[in-house]
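To start, the structure under review is shown below, and the notes come after it.
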Amino acid sequence: MSYEIMEVEIIFDEFKAKAEKSIKAFKAELLVMKAGRANAHILDKVQANYYGTPTPINQMANITVPEARVLQISVWDVTAMKAVEKALIDANLGITPTNDGKVIRLIFPELTEERRKSLVKDIKTLSETTKVAVRNIRREAIEQLRVLKKDSTITEDELHNYEKDADKLTSEQIADIDKIATDKEKEIMCV
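Per the working numbering, residue 22 is the first one in the sequence shown, and the count goes up by one each step.
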């Protein structure tokens, strides 16, 4: 395998890796979004003070979904129950936890039509931001390819073909983003 082909492959591998990372971050943001259903992922970033150490709740309790709109947290160490409850209140999730002494429950309210439309708008903004990130990654890759052309490592025709490949990859990534966003919008608008 020639040196220039290896350089081009490295550029495309970086392009794919960065684009996948952007899409993965987009999916993670969508998981945290409240859709009127209980979703354990909203607790991913919530940490309770456990013996003086900030500890993620999912590392100190079982988190289950007994009903569609109820998230149940069974803390393993009962002495940490108050700390978990305080962390949930401080996390500003928009849901007040109920503590019965054995488990903590988060009951998700039904989304209003206005809130659903607001969430869809947020999804569109987030998907557009992700698309811009992917396009910027493509631009960086094409700039690197042009440097190779300038250094006479690749020819003008090869540069043109690689640019088409980068555009095709970008189109595929953007189609994926659109599909993910559309699926989440349908989930939110479903009553």
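Glycine residues also receive a C-beta, built at the ideal position from the N, C-alpha and C atoms.
* Beta carbon of F33, beta carbon of T151: below 8 Å? -> no
* To do: Just grab the DSSP bridge partners of A82 for me.
  => V96
* **Distance between N70 and R126 (C-alpha atoms, nearest Å)** => 19 Å
* Assigned secondary structure, I63 (DSSP; H/G/I helix, E/B strand, else coil) -> helix
* Asked: If you drop the 5 nearest sequence neighbours on each side, which residues of the same chain put their C-beta closer than 6 Å to that of E193?
  -> none
* For A59, which residues from the same chain have a beta carbon less than 6 Å from its beta carbon, with the 5 sequence-adjacent residues on both sides left out? -> V86, R90, V91, L92 and F129
* Asked: Taking just the CA atoms, how far does T133 sit from P118?
  -> 20 Å
* Asked: Alpha carbon to alpha carbon, what distance is there between G115 and M54?
  -> 12 Å
* Asked: Taking buried to mean at least 16 other C-beta atoms within 10 Å of its own C-beta, is Y183 buried or exposed?
  -> buried
* Per DSSP, the bridge partner or partners of P118 -> L127
* Does the beta-carbon of I175 have 16 or more other beta-carbons within 10 angstroms, so that it is buried, or is it exposed? -> buried
* Of the residues D111, K207, E164 and I163, the one placed nearest K145, counting alpha carbons only -> K207
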